[in-house]
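What follows is a set of notes on a single structure, which appears directly below.
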Amino acid sequence: LLSYWSERNGFNCLNCYARSTMAVLCLCVSGFEYSATPNHRIQGRGCPFCSGARVLPGFNDLSTTRPDLASEWDTVGNEKSVYSVSRGSHYSARWRCSLGHGWSAPVKDRDKGYGCPFCSGRRTLRGFNDLATLHPDIADEWHPTKNDRGPGDVTAKSAYRAVWLCDAGHEWSRSVAGRTSPQGCPV
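Residue numbers (this note's numbering): 167 to 353.
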């Protein structure tokens with residue numbers, strides 16, 4: 167406790183009980199001053215800035231630690247700023263990729279590598295990554311009545327198992343991803 171004691175407390179740490187719940191000022195090894203109880207320090211809780219539990223602009227905010235993510239922060243669609251969240255935040259932010267696609271995702275998920283769901287093909291965007299746009303020749307074989315969605319509602323790499331109808335009248339079932347690989351009518 168003595169090694170974390172701040173001079174600004176106004177009294178000696180020897181006058182403080184180890185299990186006290188009275189908040190005192192502590193200094194971490196990085197030089198940040200924070201408020202904590204001696205009981206919390208004995209339990210092993212450290213500096214909230216170094217651990218990422220509290221945000222300190224210029225030290226552990228998203229703009230400082232992940233400028234690549236901060237550049238995709240939607241400045242209009244968020245109540246918070248890149249200076250008030252850390253990379254492990256559960257805050258569900260609005261993002262905008264370099265192609266202009268907008269979506270919501272927790273900051274912590276973006277830090278783990280999850281990017282634009284449209285560019286990665288995890289979500290369908292008509293006119294961009296749907297089957298009808300990317301493979302119109304395959305979309306032409308989409309069965310008109312035996313599917314519960316259309317070729318504009320699935321990505322070209324979707325696992326959705328669709329019913330297909332070729333020009334010769336053959337019907338078969340295969341995933342969209344299976345069709346966009348070089349395979350045609352199985353008959």
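Using N, Cα and C, we set each Cβ at its ideal position, and we do this for glycine too.
Remember, it's a predicted structure, so these values are computed and weren't measured experimentally.
According to the neighbour-count rule (16 or more other Cβ atoms, all chains shown, within 10 Å of its Cβ), is residue i buried or exposed?
| i | result |
| --- | --- |
| E337 | exposed |
| V242 | exposed |
| L265 | exposed |
| V195 | exposed |
| E245 | exposed |
| A334 | exposed |
| S324 | buried |
Just to confirm my understanding: we take residue i, look at its own chain, exclude 5 residues before and 5 after, and list those with CB closer than 6 Å. What are they?
| i | result |
| --- | --- |
| R327 | S339 and S341 |
| G318 | R292, D296 and A298 |
| H267 | C282 and F284 |
| F198 | C213 and F215 |
| P310 | none |
| K312 | V329 |
| T187 | T203 and N205 |
| G287 | N295, T321 and K323 |
| A236 | L228, S229 and V248 |
Go through its chain and collect everything with a Cβ distance to residue i's Cβ below 8 Å, but skip five positions before and after it.
| i | result |
| --- | --- |
| V320 | T290, D296, L297, Y326, A328 and V342 |
| K274 | R253, G254, S255 and H256 |
| G316 | A298 and W308 |
Using DSSP with H/G/I as helix, E/B as strand and the rest coil, what is residue i?
| i | result |
| --- | --- |
| G344 | helix |
| V329 | strand |
| L297 | helix |
| L193 | strand |
| E173 | helix |
| P272 | strand |
| S201 | strand |
| A259 | strand |
| T321 | strand |
| S229 | helix |
Under 8 Å by Cβ, that's how I've got residue i and residue j pegged, so tell me the actual separation to the nearest angstrom.
| i | j | result |
| --- | --- | --- |
| R276 | I304 | 33 Å between Cβ atoms; not a contact. |
| R260 | D240 | 4 Å |
| L191 | R174 | 5 Å |
| V248 | S270 | At roughly 15 Å, the Cβ-Cβ gap does not stay under 8 Å, so V248 and S270 are not in contact. |
Please work out which residues of its chain come closer than 7 Å, Cβ to Cβ, to residue i, disregarding the five sequence neighbours upstream and downstream, and give them in chain order.
| i | result |
| --- | --- |
| A189 | S201, A202 and T203 |
| N226 | F215, G218 and S252 |
| E307 | W330, L331 and C332 |
| R232 | R253 and D277 |
| H301 | A322 and T346 |
| Y280 | A271 |
| E238 | W261, R262 and C263 |
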